Each structure stands twice: as C-alpha cells, then as structure tokens.
Amino acid sequence: MSVIAVLIGCSFLIAVGALAAFLWAVKSGQYEDKYTPSVRILLDDEKHTTERQRHREK
Amino acid sequence: MENFRQSSKVVSTCYHCGDTIRGERVEYDEKLFCCSGCKVVYEILQQNDLCRYYSLEQTPGVQPASIESARYDYLADESVQKQLLNFSDGTHASVTLSLPSIHCSSCIWLLEHLYRLDAGVASSQVDFLKKQVTVSFDPTKTSLKNIVVLLASIGYEPELRHDAVEKRVESTATRSLYYKIGIAGFCFGNSMLFSFPEYLGVDVSETALKELFSYLNLILGIPIFFYCSADYFKSSWQGLKRRFITIDLPIAIGIVVLFTRSAYEILTQTGPGFIDSLCGLLFFLLLGRVFQSKTYDRMNFERNYKSYFPISVTTKKNGIETTIPISSLEKGQRIVIRNNEIIPADAMLLRGDAAIDYSFVTGESKPVEKVLGEMIYAGGRQIGGIIELEVMKEVSQSYLTQMWNQCSAAQKEAGQLSELSNAVGKYFTYAVLFVSTAVGLYWLQYDVTTAINAFTGILIVACPCALAISIPFTLGTALRIFGRNNFYLKNTSVIETLSKIDTIIFDKTGTITHPQHSSVEFTPRSRDLYGRGGADDLPGRGTQLTEYDMQMVSSVAKSSVHPLSKVIFDYLGGEITKHQSSNVIPSSDLPASGLAGDVRNLSDEGSQIPRSSLRDIARNDNVERVIEVQALVVEHFTETMGKGISGSVKGHRIKMGSREFAGHSYPHQRNVNESRVYLTIDEKERGYFSIRNIYRDELETTVNELKKKYSLFILSGDNESERARLQAIFPKNTTMLFNQMPTDKMDAVNHLREKNKRVLMMGDGLNDAGALLQSNVGIAVTEDIALFTPSSDAILAGSSFDLLPTILKFSKTSIKIVTASFGFAFMYNLFALFFAVQGELSPIIAAILMPASSITIVVLTTGLTQLLAKRRGLL
C-alpha cells in the first residue's frame, strides 16, 4: 500500500504541473483563437531568396 | 475613356480575385486582371516579394474598392485614436481591426507579412474566425491612417465602427470558465486517487495514510466548493430573490450538502466523505457549460445602431472641413458624405447628387435617388459623388435610432434560462425536499444518525446533474449541426423557442426575394403608338432590338459602374449569345418574342448555387459556351449621376437612364415595383428595360412545406403591386400587409404575440430590426454572413433558405431528445434513492453512480442528436 502512496504522491505532483501549464495557456490567450494557429503552422517561412534576388543572380 | 476593340474567344479569370473577366481586361506581367484595382494590388505585392500569396491558394484576392485616402483623415484625430488603439506609449502601439474580407489561408499569410509593406509595422496577427487582425506598429514611423489605407488598398478594407471599443469584454467570461473546468478536472482526478484506500480497503496498520488522504481530499474540495461552484450559488440565489426556482437550486443544495457532510465526516473522522463525487459532479456540470457556451463569436448578434455607424463624420463650416466624432454631431451642422459613406443622422440634402443605397435598412439594394432639399434618413449609404447635408436631428434622435432604442427597452427577458429545465427543476425541487424531509422524519423515530444520513443522502443523489447536462449536450450538438448548415443561433435556448413556433412572418425584399439576382425584360416601344405618348404600351408590338443594337447598348452599359448598367450588360450578353447560337442553325427569321426572353432562367441558375461556388461554375460554364460579345468603341461617353448614361457608337447616339433623361414620352407610372431604364437610340424611343426582384427559387417548395403546420404572414414595406405574384406562391389564408413602416411591422408582431401566438420573424434589414426583436424568435436572412445584419436570435444564410422547414422540425426533435434523456436521468435518481432512503448511501456507490449517469447522458444525447440529424439530411 505504501508503494501506492508514493505513486499517488508522484502523480499528484505531475498533475499540479499539468494544471499550472493549463492555467498558463488559458491566461496567455491560447484558447482565444483555436483555428488560426492551425493554418499558420502550415505556412512556411520562405527564405529571402525570392524573385528580386534571383534577378540579381542572373 | 480608354477603349479598345477586342473579341475574346476564351473566357479567362482574373489572376488576383478570380472573377470572370468581362469586357475590359488589364494585362500586366503576362497575367490577366479584371480591373486596374486588382492589377495594382498585384503590383504592390510583386514589388515587395509577396507573390507567395498567389501560390498558397488559387486567386485569393479581393477586388479592392476604390478608396480616397481623404476618407480616413479622421484617423489622425487624437480622440479617435484613443478609442481605437489597444494601447500606445510613444514608440509602440497596437490596434485590432476587423476585416470582413478575410477568407482563406492566403489572407492570413499576407496580413501577417504586413511589415514588408510598411516598415513601421512591427508585427501583425490574424484571428481567422473573428476576421480580425491585430497590428503592432511604431507610431513614429507610420500612422494608424497609413495602416488602414494600406489594408484598404490591398483589398482588406477595415470595418471601422462606432462600437469597436465597447465589445472587448466577452473573452473574460469564457476564460474564467476554462479556469474553472481546469481546476475541477484536476481535483476530480486527484480526489479519486486520494480515495484509493477507501475504494480498495486498507490494512489496520495504514489507517494513518487513509487519514492523511482524506484531509488532502478535503483540501481539494475547498476550491471546488468556493470557486468552481460559485455560478450555481449565484444563479439559484438570484432565482430565489425573484421567487423563481431554477434547476440550479437543487444542484446548489446538493453541492452544499455534499461539501458540509464530507467536511463533517472528515474532520470528525467518522467517514471518508464524498469529495470525489463532488469534484466529478462539478466537472461534468462545467463540461456541459463549456459545450453549450460555444457560440459563433465571429457573428455578433447584439449589434445595435452603433455597430453600424462610422466613428466620425466630416463637417463643413465656412468652407473648412473638420472631422468630429459622431457623438458630438449636432442639429444644424453641415456634413460632407463621400462615396460609400453612411449617413449618420436624419439630414436634408443641400448639395450634390444623392443616390442612397438603403440595403442595410430595407434590403433593397438598388440606390434611391434624392433631390435637393429632400430629407434623407440615417442609415443610407451614398453611392456616387460627394454630397453635403444639413443635420436635422441628432444621431440619437434619428428615426431608426429611436426605433431601435424603443425596442431594446422592451428586450426579451428570457435570455439563457431554459423554460423546459426550469419547469422540471421546480417540481423536482419540491419533490426532493418533500421526500427527504418525510424519510428523515420517519427515521428520526428510530435513530438520529440514520435520519441525518438518509436526509442528506437523498439530497445528494437527487442532485440533478444528469438532468442539468442533458440540455446543454443535446442543444449544443444541435447548435453545431445548424451551424454546419449555415444557420447560426445566438444560444441554445433559441432552439427551444423555435420548437414552439406557430406563426411565421416574412419580410419581402431581401428575405423572400433574391437580393443579388434580378430579372430583366425589354419592353419595346410599340411602333404604331410612336410619338403619341400617353397610351399604354403593349409588350411585343414594337420593334425589338437587333443584335447590332444590343451590341451598341451593351458597349455603352459596360462603360458604367452603376449597378443597373451592370445588370443590363449581363442581360444583353446573354441575349446576344442566344442570338448567335440560334444563328448557327439556319433560321434567318427570329421570333420577336425570343428576344425579350427569359433571363430569369439565367439568373435562376445562379441563385441555386451558393455564392462561394458560383465562381467555379462560371468558369466551367464559360468554357463550353464561349461568349463572343464584341465591345464596340464608345465615344463621348458621359454618366450623369442619378440620371443616366449616354455615348455614341459609330455615329449612333445612345441614351439610357431615367424617363426624363432619355426624353421618353411614356406616361409616368406609379405603383411599379421595378426599376426602369429607358432607352433612346438616335433620338428614337426604343423602349425600356424593366428590372425586378425575383423570388428565391426554393420559396415555393419551402412555403408548401410550411403552410401545413404554420400560419404565414407577409409584411412588406413596398406597395401592393406584388400581391398577385405572392398570392400565387403563398396559401390563400396568408395575411399580406403592404406599405408597412418599421414601427408597423413591430406593432404587427406585438399584436400577434398578445393573441398568444408564438411568432417567428424572418427579416433582413434594419427596418425589420424592431420586429425581429419583438418576435419570439427573430431570424436575420443574409447572403453573406460577414455583412451587417440587424440584431436577432439567429442568422440564416440565404443559400440555406430552403432548410427552414427541416430546421423547425429538427428543433422539435431535439426537444424530444431532451425529454427522453430526462426520463433516463430520473431512472438513475430513483435507483440511487433506493440506497439513500435506507440511509445506506456509501461514498463508493455515489462515486460510481454519479459519473456513470452523467456519462450515459452525454453519450446518449450527442449520439442520438447526430443520428437523427443524419436522418433528416442535416449532417
């Protein structure tokens, strides 16, 4: 039984961490917009070798 | 006017906005554009290496409206900036702007790369669903005005509204709900762990551990009781103050009893307490709330006149123009209104040609012309040149504003409270109190401890958790299903009211007529009556237009941007194509009636297709039948604002416009519910084009479906000329009222409600706003969800108009599902009562029964709702 007590203690600590993370996430506004980030992550940051530079290379 | 001759064999689409290119085309960088506006956007993006915009999505652009940057001069004003900016501290400022034209991932990409277009912008972030962008910028390098003008010039014109400042409250409420459910979830999980010794049983040697865990449990219960449950205490207390028993009352009693009994048992070490059940109860209750609280926050249902008026207006005094906030506008001031600006107060026209688009107010999209000295009501949008007006009434005293204030005073009180659950809650509370007291008194004769156990036990198990969550889960699911069908509800209680409707009122223009498509018919001037004005004109007896005539007229019409010219241009394009395709078959003689033919068919095709997919259809269609409209060179083109257009083609002088403008001798006709454009070629009166609204195609089937169960009404602001057409569609007993002022509509609704009718009002414009508010359920019908709609309980997309009968049926179905799940929840309660009555409710039984009942209800309601929605074709 005392093994269980230790495990419960550990899981409690982990849960506290999870709760803190959740509260932080809500506070920092991550639950305000649940759609746009899903699109944003698919838009790559292009390198700045775009047309103008290609022109210069030519 | 730049003109060129062209003959396009293949119809192409604009590289920027994807519209079919008709008439004028602009070529640049080997790409085709439909107008110079689109080309300019492309140029801007190309110069700044932002062409990825075009590779993310096909033709993502939005055709930019022509803007004069002077329109945004007021943004330089301190007080206006203070209203709009989120914050500003000299070198940093941030502003949140709503951009209704955000529609795809390319938009997100471009708007988040604003810093490349303006060096003063530090960063920008898009909220796609709310259609907002938050821009942080350096006020020393750029200005708010520059940013707004930049956005407008690339096709994303911000909506700058009077109430932009007042609506940033919402999010705190949802945030606190998230905090609460997070904490409840945490406590629920951990209290079950701490109850392990209780669930599994422990040796005598480890009772100390058990003791410790029960104290820890009590600590977990404290935030649950004092923080997470606060809403239930508040709402039941408010109910009691108003002598009103809500479903929250038995819940609150249950929570209090659970907590106090647990605290007593733990502190006296007489038992393990029910903290795990308490945490689980709150977790499920809050889950229901979260599920229900999902609303369509990008659509604001509470819009009032403020969300519709601009922030400021330009006034003119002694020839000097100044910009003032709209709230300080006074009677007698002279205001200047430019193209596309909204008239903020009832005013008299002093200078300029006014063509007012009242589509927000009446739903009618064709502009109304006004003459000098005429009164112009607030809410219209000026189309055309600059006009000057004298303010006759302050903004708050204007006709529409007053009506609005009048009805918001008599706002619906119902709100979120659900009638059904409260009716049940009332009897439930009485029953529970009666049973628990009776059982407690019975046991009191034998044993005090058992009596207290039984009394509290009944109050605990009777806590109607399952009851309370069956409504949010059923109606929340239904809300989502409706949303997928482009029917958006303010909140779930609307579904309940919707299921009890027995009377439906329709507004005419824009609601049952199609706002974007019109039918055009050409009535030629009859030859034998020529020159003898005054006689009636019979269609088909005069000279029809020849193909060449039509080409000339369409060339002239093409040069104009007036909406009526566009309609005529499209119509003639179709006619000429018909002509040409019939010419392929050797039939030299065309029947005269074939010409005035059925454009309705053409526009009808369009109206069945939702707007979004129109573009693609147009593409496919045009590949097959190639339109070959020859644009002829137009010389001496002039457009007289509000009167008409004229121009000459190969020496033929063409005039079209109002009766006076075209010099027609037709008698002036009243009671005509159509716009007429009179045509004169070479000083000969050729006839007129009549342009009228067409009814939605689905109207007839929808009405046929509805008339079986509901009594129908039509309230129209127009005159009676449409009565015959409407009578053909609507059943005989339909009451039709014409010439209705906005207040008349409101009174009509009130009158019906006094007769205990449950009224559903379908409207679209500001003139229906009063009626929408007064009805039991007000549905605003709109073609574009992003556009303005008056405040209402629900918003229905025009393309889903035919779903109305299904929607009404499904709302009834979902209420039936709620009733069924109520029955289910009662069975659980009875089962638990069996233990509680004997005073033998152990924590384990409670800990199993309460979550089990909640989970079954969640699964049952969501599953059943989805299944039945599928059967009705809504999923």
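Chains as they are written, first to last, in the working numbering: chain G, 2 to 59; chain Y, 152 to 1026.
Cβ coordinates follow ideal geometry from the N, Cα and C atoms, glycine included.
Quick caveat, the model's predicted, so the values are computed rather than measured.
- Query: By a C-beta neighbour count over all protein chains shown, 10 Å radius and 16 as the cutoff for buried, is TYR979(Y) buried or exposed?
  - Reply: Numbered from 1 along the second sequence, position 828 holds the residue referred to as residue 979(Y). By the neighbour-count criterion, in which a residue is buried when 16 or more other Cβ atoms sit within 10 angstroms of its Cβ, TYR979(Y) is buried.
- 7 Å Cβ cut-off: residues of chain G touching ARG267(Y): As a working mapping, residue 267(Y) is identified with position 116 in the second sequence. Simply none; closest approach about 10 Å.
- Task: Could you work out which residues of chain Y lie near ILE42(G), taking near to mean beta carbons separated by less than 7 Å?
- Result: The residue labelled residue 42(G) in the question sits at position 41 within the first sequence. Ordered by position in chain Y, no residue passes the 7 Å Cβ test against ILE42(G), which lies about 11 Å from the chain.
- Using the Cα positions of ASP895(Y) and SER29(G), report the straight-line distance between them to the nearest angstrom. Translated into positions along the second sequence, residue 895(Y) becomes position 744. Translated into positions along the first sequence, residue 29(G) becomes position 28. Each residue's alpha carbon lies about 49 Å from the other.
- Message: Applying the 10 Å Cβ sphere with the 16-neighbour rule, what's the burial state of MET912(Y)?
- Response: Numbered from 1 along the second sequence, position 761 holds the residue referred to as residue 912(Y). Buried: at least 16 other Cβ atoms inside 10 Å.
- Task: Please say whether SER275(Y) and THR291(Y) have beta carbons closer to each other than 9 Å?
- Result: The residue you call residue 291(Y) lines up with position 140 of the second sequence. The residue you call residue 275(Y) lines up with position 124 of the second sequence. No; because the gap between Cβ atoms is not below 9 Å, this pair is not in contact.
- Touching by the beta-carbon criterion (3+ pairs, under 8 Å), the segment 921–936 of chain Y and the segment 617–629 of chain Y: no
- Across which residues does DSSP place LEU911(Y) in a beta bridge pair? Here residue 911(Y) is taken as the residue at index 760 of the second sequence, counted from 1. Looking at the DSSP assignment, LEU911(Y) forms a beta bridge with ILE655(Y), VAL928(Y).
- Item | Any 3 or more C-beta pairs closer than 8 Å across the segment 397–411 of chain Y and the segment 342–359 of chain Y | no
- Message: Contact defined as beta carbons within less than 8 Å: I believe LEU437(Y) pairs with LEU328(Y). What is the distance between those atoms, to the nearest angstrom?
- Response: Locating residue 437(Y) in the second sequence gives position 286, where the first residue counts as 1. Locating residue 328(Y) in the second sequence gives position 177, where the first residue counts as 1. Confirmed, about 7 Å.
- Residue closest to ALA303(Y), alpha-carbon to alpha-carbon, out of PHE982(Y), ALA335(Y), ASN927(Y), GLY188(Y): Looking up residue 303(Y) in the second sequence gives position 152. Of the listed residues, the one whose Cα sits closest to ALA303(Y) is GLY188(Y).
- Could I get the ranges of all uninterrupted alpha helix (DSSP H) runs contained in the segment 933–970 of chain Y, with 4 residues as the minimum, in chain order? none
- Message: Under DSSP, the alpha helix (DSSP H) around GLU698(Y) begins and ends at which residues?
- Response: In the second sequence, residue 698(Y) corresponds to position 547, counting from 1. Boundaries of the alpha helix (DSSP H) harbouring GLU698(Y): 698–709, taken from the DSSP string.
- Item | Distance between beta carbons of SER862(Y) and PHE889(Y), contact taken as under 8 Å | The count along the second sequence starts at 1 and reaches residue 889(Y) at position 738. The count along the second sequence starts at 1 and reaches residue 862(Y) at position 711. Between SER862(Y) and PHE889(Y) the Cβ distance is about 18 Å, and since that is not below 8 Å, they are no contact.
- For GLN122(Y) and chain G, any beta-carbon pair shorter than 9 Å? This structure does not reach residue 122(Y), given that chain Y is present from 152 up to 1026, and the question cannot be answered.
- Query: Can you check whether the CB of CYS430(Y) is closer than 9 Å to the CB of PHE1046(Y)?
  - Reply: Absent from the model: residue 1046(Y). The displayed extent of chain Y is 152 to 1026, so no value can be given.
- Message: Please list the terminal residues of the continuous alpha helix (DSSP H) segment that includes PHE279(Y).
- Response: Stepping through the second sequence from its first residue, residue 279(Y) is reached at position 128. No alpha helix (DSSP H) contains PHE279(Y), which DSSP labels as neither H nor E.
- Short CB-CB distance (under 9 Å) between SER275(Y) and chain G: In the second sequence, counting from the first residue as 1, residue 275(Y) sits at position 124. Output row for SER275(Y): interface = no.
- Query: PRO461(Y) and GLU492(Y): beta carbons closer than 9 Å?
  - Reply: Translated into positions along the second sequence, residue 461(Y) becomes position 310. Translated into positions along the second sequence, residue 492(Y) becomes position 341. Against a cut-off of 9 Å, the Cβ pair of GLU492(Y) and PRO461(Y) comes out as a contact.
- Query: Distance, Cα to Cα, GLN214(Y) vs ILE298(Y)?
  - Reply: Position 63 of the second sequence, counting from 1, holds the residue named residue 214(Y). Position 147 of the second sequence, counting from 1, holds the residue named residue 298(Y). Between GLN214(Y) and ILE298(Y), the C-alpha separation is close to 18 Å.
- Item | Under the three-state DSSP convention, the category ASN980(Y) falls into | Within the second sequence, residue 980(Y) is the residue found at index 829, counting from 1. Here DSSP, grouped into helix, strand and coil, assigns ASN980(Y) to helix.
- Message: With three or more beta-carbon pairs closer than 8 Å as the criterion, would you say the segment 197–211 of chain Y touches the segment 245–264 of chain Y?
- Response: yes
- Given 8 Å as the limit, is there contact between the segment 516–534 of chain Y and the segment 543–550 of chain Y, that is, 3 or more CB pairs closer than that? Counting Cβ pairs under 8 Å, three or more are found: they touch.
- VAL910(Y) vs LEU830(Y) beta-carbon contact at 9 Å: Numbered from 1 along the second sequence, position 759 holds the residue referred to as residue 910(Y). Numbered from 1 along the second sequence, position 679 holds the residue referred to as residue 830(Y). No. Outside cutoff.
- Task: From the DSSP output, in three-state form, read off ASP740(Y) for me.
- Result: Residue numbering aside, residue 740(Y) sits at position 589 when the second sequence is read from its first letter. Bear in mind that the predicted position of ASP740(Y) carries a pLDDT of just 38, short of 50, making it unreliable; the figure below should be weighed with that in mind. Here ASP740(Y) sits in coil by DSSP.
- Message: Along the chain, where does the alpha helix (DSSP H) containing ASN368(Y) start, and where does it finish?
- Response: As a first step, residue 368(Y) must be located in the second sequence, where it is residue number 217. Start and end: 358–374.
- Task: With 9 Å as the threshold, decide whether the Cβ of SER256(Y) is near any Cβ in chain G.
- Result: Position 105 of the second sequence holds residue 256(Y). Yes, because at least one Cβ of chain G sits closer than 9 Å to the Cβ of SER256(Y).
- Query: So, do the segment 3–20 of chain G and the segment 227–242 of chain Y have three or more beta carbon pairs nearer to each other than 8 Å?
  - Reply: no
- Item | Sequence-distant residues of the same chain with beta carbon closer than 6 Å to SER3(G), five excluded per side | Here residue 3(G) refers to the residue found at position 2 of the first sequence. The answer is none, since no qualifying residue turns up.
- Task: Using DSSP bridges, identify the partner residues of ASN844(Y).
- Result: Position 693 of the second sequence, counted from the start, is the residue given in the question as residue 844(Y). Bridge partners of ASN844(Y): SER669(Y).
- Message: Can you look up PHE288(Y) in the DSSP assignment and give me helix, strand or coil?
- Response: For the purposes of this step, residue 288(Y) is taken as the residue at position 137 of the second sequence. Looking at PHE288(Y) - three-state DSSP - the assignment turns out to be strand.
- How would you list, in chain order, the residues of chain G whose beta-carbon sits under 8 Å from the beta-carbon of TRP594(Y)? Position 443 of the second sequence, counted from the start, is the residue given in the question as residue 594(Y). The contacting residues do not exist; TRP594(Y) stays about 36 Å from chain G at best.
- Check whether the Cβ atoms of GLU541(Y) and ARG485(Y) sit closer than 9 Å, and answer yes or no. Taking the second sequence and counting its residues from 1, the one referred to as residue 541(Y) is at position 390. Taking the second sequence and counting its residues from 1, the one referred to as residue 485(Y) is at position 334. Taking 9 Å as the Cβ cut-off, GLU541(Y) and ARG485(Y) qualify as a contacting pair.
- At a cut of 8 Å, does the segment 845–857 of chain Y reach the segment 948–959 of chain Y through at least three beta carbon pairs? yes
- Message: Looking only at its chain, what residues have a beta carbon closer than 7 Å to the beta carbon of MET1001(Y), apart from the 5 residues adjacent to it on each side?
- Response: The residue given as residue 1001(Y) occupies position 850 in the second sequence. Cβ-Cβ distances below 7 Å link MET1001(Y) to SER428, GLY431, LEU432, CYS616 in the same chain, with the five nearest sequence neighbours on each side left out; the list follows chain order.
- Query: Would DSSP call TYR36(G) helix, strand or coil?
  - Reply: The residue labelled residue 36(G) in the question sits at position 35 within the first sequence. Looking at TYR36(G) - three-state DSSP - the assignment turns out to be coil, as it is neither helix nor strand.
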